Structure formats: C-alpha cells, structure tokens
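The letter at position 310 of the sequence shown is residue 310 when you use the working numbering, and the numbering goes up by one with no holes.
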Amino acid sequence: MRTCEKILVIGSSGQIGTELVENLRNIYGIDGVIASDIKITEQAKEGPFEVIDVLNSQNLLEIVKRHNISQVYLLAAMLSATAEKNPKFAWDLNMIGLFNVLDLAKEKIISKVYWPSSIAVFGPNTPKQNTPQYTVMEPSTVYGISKQAGERWCEYYFNKYNVDVRSLRYPGLIGWKSAPGGGTTDYAVHIFHEALKTGSYECFLSENTTLPMMYMPDAIKATIGIMEADADKIKIRSSYNLSSLSFSPKDIATEIKKHIPEFSISYKPDSRQQIADSWPKSIDSSIASEHWNWKSEFDLTEMTNDMIKNLKKSKKSETYK
Ligand code: AKB
1 MRTCEKILVI GSSGQIGTEL VENLRNIYGI DGVIASDIKI TEQAKEGPFE VIDVLNSQNL
61 LEIVKRHNIS QVYLLAAMLS ATAEKNPKFA WDLNMIGLFN VLDLAKEKII SKVYWPSSIA
121 VFGPNTPKQN TPQYTVMEPS TVYGISKQAG ERWCEYYFNK YNVDVRSLRY PGLIGWKSAP
181 GGGTTDYAVH IFHEALKTGS YECFLSENTT LPMMYMPDAI KATIGIMEAD ADKIKIRSSY
241 NLSSLSFSPK DIATEIKKHI PEFSISYKPD SRQQIADSWP KSIDSSIASE HWNWKSEFDL
301 TEMTNDMIKN LKKSKKSETY K
C-alpha cells in the first residue's frame, strides 16, 4: 500500500467516481482517499467523505488543507444532455470548478490534478472515423465547449505555472456498479438494466448511431495509468484521445440477444440524437499508447458478458431474468 499521497476525489458518487474511489483505495488505503460530493451519499459509510461545493473555493481550500491533500481528481461536471437544459449553469460548474482546483495547484497547495475531458470536444466538422488527436474541433454543445475551453486552460496552467495536470478525452462509459449521469451515451448502460428487468428497451438514439465507448475497468485503468505515469511521459497537457470500442445501439442489442434471445429493442430518437450526430464514430488514441502505454482490454463481447454476469449477481434480489 502506498501511503505518501493523500487524494481528494470531487464528484466521487457519480459514474466514474464510485469505481475510481474503490480502485484508488486499493492502492492508497481507505484513509488515503477522501471521497466528496455536493451532498452526503452512501459512500460516506465506506471511508472518509466530505461535502464539497466545487464552486465554493473557500470550502474547497479548507478541506484540502484539513486533509493535507496532494492530488485532486475533479469529476464534478454537468454532462452533455443535462448541460443543454441549463447551459449557463453548466458552463459555470464545469469552468469555475476547474479554475478553483487548478488554482490550488498553481499556489502549490496540491501537486497533481486529474480533470476529465470528453469526445464532446469534437464537433460536426471533425473527421468522424479514427478522429486524430489534433484536428478541427468546433464542439456544438455547451458541455463540449466547456471541455474544449478546459483543455486549453489545463495546458495554459501547465505552461505558465508548471501545474502537473493530466487529462483524458473519455468516450461513453459503461459500467455495472454505478448509474450514468445525464450524458448522450447513457443508453449503453440503461439498455443492460432494461434487458434484464423487462426484456425490452426503447432507445433514444437511432439504431445505426455509432459512438466511441469504453468499459469502466478500462477507463479506470487509463485514469490511474495517466496519473501514475512519470511526468516526462505526459507530453500532452490539454487532454489525450482515448479509445477502446465503437458500437451502435443495434450492435449492442445483437450482443445482448446472445444472452437474452427474447430481448427486443425499439428506437425513438430525441434531442440527444443531434448531439450524438455531432460526435466522432471512432477515435485514434495511438499517441496515448506511444506516450504512456495506453492499451484497452475489453472488446464488445467481453464487456457484454461481464456486464450481464455482474448485473445478474448484484441484482439477485430484484426481478432480473
Ligand atoms: C456524455 O454522453 O455526455 C458523456 C461523454 C461522452 O462525455 N458520456
């Protein structure tokens, strides 16, 4: 167990945070990782937990000092679909939260920052297949605009103030331990729950909407991997392209049918379709592989097997098939 670091995860009860805290605690010990969210959650029963409003820099500073925090993972953000409903607040949350954390590193109160970016930094004019690290971006959602601006600020803080900030452009993330929180790719989690619960699913994206996706164990491996890599290997201080899978609702439904033959899917695209249509279909992450050895492990079949096996196990008490 490594005891030299004291880590704060902000937004720890969300989709990524839930699994990240668990994994970080395996490395740094329960007391080495402080979970925090805007309100108290079940996570508070599992180890140190603080209520933090990331928009309140004084509240954040006080907690960082009290726990002698050395690294912050800033996961609190409003995702693509929810952000479109409240663009101004989404901008404030996504940007002010980032500045508050970057400033702690600028003042050398903390030494390392992790901040997630997203495939949402790309837009309708971006090449859709195998989207390169450096290309036209022009995001069309407020979430994407905030992530692109955030990337620029991360690089700026690195160049001007020597802030050790690291970041990944996450694709859609799929996991069985936690629910997704207001994104366009959320269907790829909901579909598993509905397949097991009711045997059918109405998808809010059209059947051939292919998007870049990733199974949560790969996303956690990448997140901890980039944070643990030697600083000189992290040559990109805006954010790295990260890729694993690419699939459409039709592709994933076909995989699920291998486990639940009677499963049926219908399609009723809503406003999220336009967001999905503006994003890449697949991502080139060869630079991440070259710089800090990124490699994904799960393909679509392995992910589907693992999701179904674990959801069945964890939901034994519910009426899962
Ligand atoms: C979303 O759909 O908004 C997120 C993302 C791709 O960043 N999952």
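Using N, Cα and C, we set each Cβ at its ideal position, and we do this for glycine too.
All of these numbers come straight from a predicted model, not from anything done at the bench.
Whole-Å CB distance - residue i paired with residue j, under 8 Å assumed
i: Gly47; j: Arg66; result: Actually they do not touch by this definition, with Cβ atoms about 16 Å apart.
i: Lys265; j: Pro249; result: The question names Lys, but residue 265 is Ile in the sequence shown. Right, their Cβ atoms sit about 7 Å apart.
i: Arg166; j: Ile119; result: Not confirmed; about 17 Å, so no contact.
i: Glu42; j: Tyr28; result: Contact flag wrong, Cβ pair sits at about 21 Å.
Environment of residue i [buried if 16+ CB atoms lie within 10 Å]
i: Ala179; result: exposed
i: Ile30; result: exposed
i: Ala231; result: exposed
i: Ser317; result: Since pLDDT at Ser317 reaches only 49, below the 50 mark, its modelled position is unreliable, and no value is offered.
i: Asn162; result: exposed
i: Cys154; result: buried
i: Tyr157; result: buried
i: Ala288; result: buried
i: Arg152; result: exposed
i: Glu50; result: buried
Same chain only: Cβ atoms within 8 Å of residue i, ignoring 5 sequence neighbours per side
i: Val142; result: Ala83, Glu84, Pro87, Ala90 and Trp91
i: Ser271; result: Ala81 and Glu84
i: Ser111; result: Ser70, Gln71, Ala105 and Asp164
i: Ile7; result: Leu24, Tyr28, Gly32, Val33, Ile34, Ile69, Ser70, Gln71, Val72 and Tyr73
i: Ser57; result: Asn100 and Asp103
First through last residue of the alpha helix (DSSP H) which encompasses residue i
i: Asp218; result: Met216 to Glu228
i: Glu19; result: Gln15 to Tyr28
Residue interval of the beta strand (DSSP E) (run including residue i)
i: Phe247; result: Leu245 to Phe247
i: Ser264; result: Ser264 to Tyr267
i: Ser36; result: Val33 to Asp37
i: Leu8; result: Ile7 to Ile10
Own chain residues within Cβ distance below 7 Å of residue i, not counting five before or after
i: Ser146; result: Ala90, Trp91, Asn94 and Met95
i: Glu255; result: Leu300, Thr301 and Thr304
i: Asn310; result: Trp176
i: Leu98; result: Leu74, Trp115, Gly150 and Trp153
i: Ala195; result: Tyr201, Ile256, Ile260 and Phe263
6 Å Cβ shell around residue i - same chain, five flanking residues per side excluded
i: Asp186; result: Pro180
i: Ser13; result: Asp37, Thr41 and Gln43
Can you give, in chain order, each stretch of the beta strand (DSSP E) that sits fully within the segment 56–135 and has at least 3 residues? 71–74 and 112–114
Fully enclosed by the segment 126–194, which beta strand (DSSP E) runs are 3 residues long or longer? 168–170 and 172–174
Contiguous beta strand (DSSP E) assignments of at least 3 residues, all confined to the segment 259–313: Along the length of the segment 259–313, whole beta strand (DSSP E) runs at least 3 residues long occupy 264–267, reported in chain order.
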